[in-house]
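*Asks:*
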Amino acid sequence: MADQARHAIELQILRYRPAQDDEPYFVSYKVDYTDEMSVLEALQSIKDDQDGSLSFRWSCRMAVCGSCGMMIEGEPKLACSTFLRDLAPGPVRIAPLENFPIERDLVVTVADFVKKIESIYPFIMPKEKKPVEAGEYLQTPAQMAAYEPFSDCINCMLCYAACPQFGANPDFIGPGAMALLQRYNGDSRDTGSRERLDLIHGEDGVWSCTAVGLCSEACPKLVDPANAVNQNKTNSAFDFFLRALRKEHRP
Amino acid sequence: MSERKPYIRRQDRLWWASRRYRAYTLRELSGVGVAVYGGVILAGLYSVRRGPDAYAAFVEWLSTPFAMALHLVLLAAMLLHGITWFQTLPKTMPRLIVGGEAVPQKTITNAALGMAMLCTLAVVIGALS
Amino acid sequence: MDHFDTDILILGAGGAGLRAAIAAAEAAPDLRVALVSKVYPMRSHTVAAEGGSAGVVQAHDTLDDHFNDTVSGGDWLCEQDVVDYFVSHCTREMIQLEHWGCPWSRKPDGHVNVRAFGGMKIERTWFAADRSGFHILHTLFQTSTKYKSITRYDEYFCVDLLVENGRVQGAVLLCLATGEFCAVTARSVVLATGGAGRVFRQNTNGGIVTGDGMALAFRHGVPLRDMEFVQYHPTCMPGSGVLFTEGCRGEGAFLLNKDGYRYLQDYGLGPAEPQPRNKYMELGPRDRLSQAFWQEERKGRTVTTPQGEAVLLDLRHLGRKRIEERLPLICELARHFMGIDPVDTPIPVRPAVHYTMGGILVDIKTASPLPGLYAAGECSSIGIHGANRLGSNSLAELSVFGRVAGEQAAAFAKEAPAVETPALLDRARAAEDRALGLLTRKGGGERHSVLRKEMADSLEQGCGIYRLGDEMREACDKLADLKRRYDGITIEDKSRAWNTDWISALELGYQLDVAQAMTHSAIARKESRGAHQRLDGYTERDDANYLRHSLAHYREGASPEIAYSPVTITRSPPGQRAYGALGDQLERAKKEPAHG
Chain S
16 MADQARHAIE LQILRYRPAQ DDEPYFVSYK VDYTDEMSVL EALQSIKDDQ
66 DGSLSFRWSC RMAVCGSCGM MIEGEPKLAC STFLRDLAPG PVRIAPLENF
116 PIERDLVVTV ADFVKKIESI YPFIMPKEKK PVEAGEYLQT PAQMAAYEPF
166 SDCINCMLCY AACPQFGANP DFIGPGAMAL LQRYNGDSRD TGSRERLDLI
216 HGEDGVWSCT AVGLCSEACP KLVDPANAVN QNKTNSAFDF FLRALRKEHR
266 P
Chain W
14 MSERKPYIRR QDRLWWASRR YRAYTLRELS GVGVAVYGGV ILAGLYSVRR
64 GPDAYAAFVE WLSTPFAMAL HLVLLAAMLL HGITWFQTLP KTMPRLIVGG
114 EAVPQKTITN AALGMAMLCT LAVVIGALS
Chain U
457 MDHFDTDILI LGAGGAGLRA AIAAAEAAPD LRVALVSKVY PMRSHTVAAE
507 GGSAGVVQAH DTLDDHFNDT VSGGDWLCEQ DVVDYFVSHC TREMIQLEHW
557 GCPWSRKPDG HVNVRAFGGM KIERTWFAAD RSGFHILHTL FQTSTKYKSI
607 TRYDEYFCVD LLVENGRVQG AVLLCLATGE FCAVTARSVV LATGGAGRVF
657 RQNTNGGIVT GDGMALAFRH GVPLRDMEFV QYHPTCMPGS GVLFTEGCRG
707 EGAFLLNKDG YRYLQDYGLG PAEPQPRNKY MELGPRDRLS QAFWQEERKG
757 RTVTTPQGEA VLLDLRHLGR KRIEERLPLI CELARHFMGI DPVDTPIPVR
807 PAVHYTMGGI LVDIKTASPL PGLYAAGECS SIGIHGANRL GSNSLAELSV
857 FGRVAGEQAA AFAKEAPAVE TPALLDRARA AEDRALGLLT RKGGGERHSV
907 LRKEMADSLE QGCGIYRLGD EMREACDKLA DLKRRYDGIT IEDKSRAWNT
957 DWISALELGY QLDVAQAMTH SAIARKESRG AHQRLDGYTE RDDANYLRHS
1007 LAHYREGASP EIAYSPVTIT RSPPGQRAYG ALGDQLERAK KEPAHG
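Residue numbers (this note's numbering), protein chains in the order written: chain S, 16 to 266; chain W, 14 to 142; chain U, 457 to 1052.
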């Protein structure tokens, strides 16, 4: 193996162990790194060689499983695809994903987010019932282009960390869940948008959103969740209007 | 009783003033500028209603240094508001598919901005002639 | 200890586990399904699969062709009756996924498109851009939320199975968030826990791929079959091992050595042509391509990078549009991780461990020899991959046999007698004590990270692309030593909530057992076949003695015992495994009638 230039960098990591700590606090670690090393690899080397008690989620190392989201220098990032060479000379502040409760160290509570994505009827309600034996539904590339980017969401929650309105209102359905909702509403094979309407109304629906737009900037997969949320404001308004009209006509 | 004890970090009350949200906050404030300018125009309209003397006083006020400075600030606010409005525009629409591919959001923004500038130009030329 | 009861327990919520859960819920809506995973389902390693999933669709393609490609790709170590079942159910499962919303890439007319893939004679790989596994996993996870009878237990780690009276009746789980244990009793159990590639140093796998289910079944007397067959994927990122899909080569990418030469033509895969030809050159099977790399490295014809030797994956001639549309993830990986734009620069790549062909012995109905225990997906050895897996057969396997496992587990649960709860809870408490014992052991011992690194280096050396008896023996000895030292490791962090130090140490225990099965099976197989290639005299395939599956049996406190079982041959007698022009020649000869 060719010799690699080694540099040293300091990482200041927010620690919190529920068993012994009342509050989180920063701890400083020094890591020797090479040019291709990611923040995740730095965390792993700290865990392996310096402090085995550091807890963080990770798996794929290639920005597709969505496990390793955290705040790196104040920005929500995936640790596996953030490189120390871009953060040098440091020190680098690392904290758990903002706007979420901390379970421990860099591990945040994910369950509420998962409940949100489960709540939006995240499955095809077929427009046309067809048995599997009859073959695939047809869908042209143009029809797929209408929803495909929304289907690229890896559920990493960086968008929630970037969203100050979610920070203010934890019950806000949020960008990620709305992207998934729109993924299905926009799919030519699906006919479930009426069922999904109830979820988009009110403060916990799309109306907490004030188009800050940082969710789409933070997204590592170019899903553009801001688009999903904001286009549904029209749908929500229309539905509200139509319901009011319908009520008027009822005797 | 397990060890589990999630820690909830309070959102910074001044989050909107931090560097990350500064651009957003300025954009929102520009809306205030638009409202203030609406107030100025309303004041002018009201002065017309009150009569030629009131209107003349209003026009005189417009040429005071304070009013000039105010209008410069409001112009900046209007421009910021307008440009960010058109940047947000494509976010409020479903994806536009033309020829099998999605139209880039920048294209929509630029087209809308272009149209806005044309309209502005038309109004200005019309007003001057 | 907490305890909950269910009817069907599924351990692992990746592609196979989710498909099994859906199948069980559909087959028996009145039964309760508990779907347990140590990570949230969308983090399962299915998510990283890129290239695609096989299913015969084209008019000029046949099930026979898929069968033959798979059996010869597996160097005739496949259970041919199982392969028959497999190929005849792939397409149906791919259509089912499409009905559930999977965004397969389409042709202009709206029909699903298929691409060429390594070792496949005719294009039959369904793909969703180059994120096929991601889309399949998310489709299955999202669809699974429809079924009210499925209850998920996210971030629960399994520390043991509960076996009583020769029947599996549940498992012992550790809740990661709290560090508390709970026992789950069930009438049937499905293992869908994935492969074990992390026992090697360089691999494409995520951190969670630690062979948990394999080790659990192994320790309870279920043999692990064909463990010596480990797939090296030829095109991975040097250093991290992250995968560059075979789909690149399906689209027409070349593999070049340092002289810019398409070296695969020197290894029986040629002749080289400008357009990709199925089963030729870069579309040869993975084991052959990885072996070619090894040979090129020996000859000094590879490119030296700071992360090691590599060859070049050249996509330039495909053009920007094709690359960005068909291979967006590859673009992102190359540009963002390596600072290389594949549109104008070839990507340095090298082989890394990718897939575990071997696994838990199961029959065609996914049933293991232990009553009530089923297994599907990479953790199982159902017999379709043999000595080398063809790309895109694994994603298809998840659906085809995930469904079978779910249905079979439901049928078993319906008929199963009541679980013996008091006895099971005793066993559960014992399992809890063992797991806690590792945590509470007094300090001063070795760190598990040290042992893990030694294990990974040892496997890399001893069970590489080419193997030597001496090096395999060293690996066996090293693992025995590591198992001994494992009993002395201590965990500094004594807390319970989210103690990943503790979890990693438990995973290492599983890995050591699985690694032993690998090395001992490898050294015992005195021939070269598929992904198991030796340079120490046993360089050829030996059908007379080794047309058999290896079976590793766990022995407490000793190395595994290796036995053998016959291979089911139905209609494809072992032939010469050839690709490129030679492969075509042999096929033509087969079709010609014998002359009198």
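Virtual Cβ for every residue (Gly too), placed ideally from N, Cα, C.
So if DSSP puts THR607(U) in a beta bridge, which residue, or which two residues, is it bridged to?
*Replies:* For THR607(U), which the question treats as bridged, DSSP gives the partners ALA490(U).
*Asks:* With 9 Å as the limit, tell me which residues of the segment 76-92 of chain S have their beta carbon closer than that to any beta carbon of chain U; keep them in chain order.
*Replies:* Per Cβ criterion, the list reads ARG76, MET77, ALA78, VAL79, CYS80, GLY81 and SER82.
*Asks:* Just checking: is the beta-carbon of ASN123(W) within a distance shorter than 8 Å of some beta-carbon in chain S?
*Replies:* Not an interface residue.
*Asks:* At a CB-CB cut-off below 7 Å, which residues of chain U make contact with ASN170(S)?
*Replies:* In chain order: MET498.
*Asks:* Please go through the segment 38-126 of chain S and give each complete alpha helix (DSSP H) segment of 4 or more residues, from N-terminal end onward.
*Replies:* Whole alpha helix (DSSP H) segments, 4+ residues: 54-60.
*Asks:* For a cutoff of 8 Å on Cβ pairs, would you count ALA1054(U) as touching chain S?
*Replies:* There is simply no residue 1054(U) to check, as chain U begins at 457 and stops at 1052 in what is shown.
*Asks:* Could you tell me which uninterrupted alpha helix (DSSP H) segments, each at least 4 residues in length, are contained entirely in the segment 948-1022 of chain U, listed from first to last along the chain?
*Replies:* With a minimum length of 4 residues, the continuous alpha helix (DSSP H) runs that stay inside the segment 948-1022 of chain U are 956-980 and 999-1002.
*Asks:* From this set, GLN27(S), THR206(S), ARG21(S) and TYR31(S), which residue's C-alpha is nearest ARG22(W)'s C-alpha?
*Replies:* The option with the nearest alpha carbon to ARG22(W) is TYR31(S).
*Asks:* Pull out every residue of the segment 939-964 of chain U whose Cβ sits closer than 8 Å to any Cβ of chain S, in chain order.
*Replies:* Residues ILE947, GLU948, ASP949, SER951, ARG952, ALA953, TRP954, ASN955, THR956 and ASP957.
*Asks:* Between ALA48(W) and chain S, is the shortest Cβ-Cβ distance under 8 Å, so that the two count as touching?
*Replies:* By this cut-off, ALA48(W) is not an interface position.
*Asks:* At 4 residues or longer, what runs of the alpha helix (DSSP H) sit wholly inside the segment 99-135 of chain W?
*Replies:* Fully enclosed alpha helix (DSSP H) runs of 4 or longer: not present.
*Asks:* Assign SER142(W) to one of two classes, buried (16 or more other C-beta atoms within 10 Å of its C-beta) or exposed (fewer than that).
*Replies:* The residue is exposed, with fewer than 16 neighbouring Cβ atoms inside 10 Å.
*Asks:* THR97(S) and SER53(S) look like a contact to me (Cβ under 8 Å); what is the Cβ gap, rounded to whole Å?
*Replies:* About 6 Å; that satisfies the 8 Å criterion.
*Asks:* Which term fits LYS119(W), buried or exposed, when burial requires 16 or more other beta carbons within 10 angstroms of its beta carbon?
*Replies:* Burial call: exposed.
*Asks:* Do the segment 506-526 of chain U and the segment 834-847 of chain U make contact, defined as three or more Cβ pairs closer than 8 Å?
*Replies:* Segments in contact, yes.
*Asks:* Report the option in ILE215(S), LYS131(S), VAL42(S) and CYS230(S) whose CA atom is closest to the CA atom of LEU121(S).
*Replies:* Answer by Cα proximity: VAL42(S).
*Asks:* Compare the beta carbon distance of GLN687(U) and LEU880(U) with 8 Å and say whether it is the shorter of the two.
*Replies:* No, the Cβ-Cβ distance between GLN687(U) and LEU880(U) is not below 8 Å.
*Asks:* In the DSSP output, which residue or residues are listed as bridge partners for ILE132(S)?
*Replies:* ILE132(S) is not bridged to any residue.
*Asks:* For a minimum of 4 consecutive residues, which ranges assigned as the alpha helix (DSSP H) are wholly contained in the segment 27-77 of chain W?
*Replies:* DSSP runs (the alpha helix (DSSP H)) wholly in the segment 27-77 of chain W: 35-63 and 65-75.
*Asks:* What residues from chain S crowd round ALA504(U), counting only those whose CB sits closer than 8 Å?
*Replies:* Correct list: CYS75, MET77, VAL79 and CYS80.
*Asks:* List the endpoints of the continuous alpha helix (DSSP H) containing GLY189(S).
*Replies:* Unbroken alpha helix (DSSP H) run through GLY189(S): 189-200.
*Asks:* Three or more C-beta pairs closer than 8 Å, one from the segment 160-168 of chain S and one from the segment 212-224 of chain S: is that the case here?
*Replies:* No, they do not touch.
*Asks:* Check whether the Cβ atoms of ALA866(U) and LEU519(U) lie closer than 8 Å to each other.
*Replies:* Against a cut-off of 8 Å, the Cβ pair of LEU519(U) and ALA866(U) comes out as no contact.
*Asks:* Taking just the CA atoms, how far does ARG72(S) sit from PRO19(W)?
*Replies:* Their backbone Cα atoms lie some 16 Å apart in a straight line.
*Asks:* Throw me the rounded Cβ distance for the ARG17(W) and ALA633(U) pair, which I believe falls under 8 Å.
*Replies:* Right, their Cβ atoms sit about 6 Å apart.
*Asks:* Can you give me, in chain order, the residues of the segment 84-109 of chain W that have a beta carbon less than 7 Å from any beta carbon in chain S?
*Replies:* Residues passing the 7 Å Cβ filter: THR101, LYS104, THR105, MET106, PRO107 and ARG108.
*Asks:* I'd like the list of long-range same chain contacts for ALA961(U), defined as Cβ closer than 7 Å, with 5 residues on each side in sequence excluded.
*Replies:* Cβ neighbours of ALA961(U) beyond the five flanking positions: LEU894, HIS904, ILE945 and ILE947.
*Asks:* Against chain U, does ARG22(W) count as a neighbour if the rule is that its beta carbon must be under 8 Å from one of theirs?
*Replies:* Chain U, which has no Cβ nearer than 8 Å to the Cβ of ARG22(W), makes this no.
*Asks:* Could you give the first and the last residue of the continuous alpha helix (DSSP H) run that contains ARG806(U)?
*Replies:* From DSSP, ARG806(U) is part of no alpha helix (DSSP H) but of the beta strand (DSSP E) over 803-812.
*Asks:* With burial defined as no fewer than 16 other Cβ atoms inside 10 Å of the residue's Cβ, what is the status of THR896(U): buried or exposed?
*Replies:* Under this definition THR896(U) is an exposed residue.
*Asks:* Which residues does DSSP list as the beta-bridge partners of TRP582(U)?
*Replies:* According to DSSP, TRP582(U) bridges with SER509(U) and VAL570(U).
*Asks:* For ALA226(S) and ASN245(S), what's the separation of their Cα atoms in angstroms?
*Replies:* For ALA226(S) and ASN245(S), the distance between alpha carbons rounds to 7 Å.
*Asks:* If I follow the unbroken alpha helix (DSSP H) through VAL860(U), where does it start and stop?
*Replies:* From DSSP, the alpha helix (DSSP H) with VAL860(U) extends over 849-871.
*Asks:* Can you find a C-beta in chain S that's less than 8 Å from the C-beta of TRP28(W)?
*Replies:* At least one chain S Cβ lies under 8 Å of TRP28(W).
*Asks:* Could you tell me the boundaries of the alpha helix (DSSP H) in which THR641(U) lies?
*Replies:* Note, THR641(U): premise wrong, no alpha helix (DSSP H); beta strand (DSSP E) at 637-641.
*Asks:* Applying the 10 Å Cβ sphere with the 16-neighbour rule, what's the burial state of GLN421(U)?
*Replies:* The structure shown does not extend to residue 421(U), since chain U spans only 457 to 1052, so no value can be given for it.
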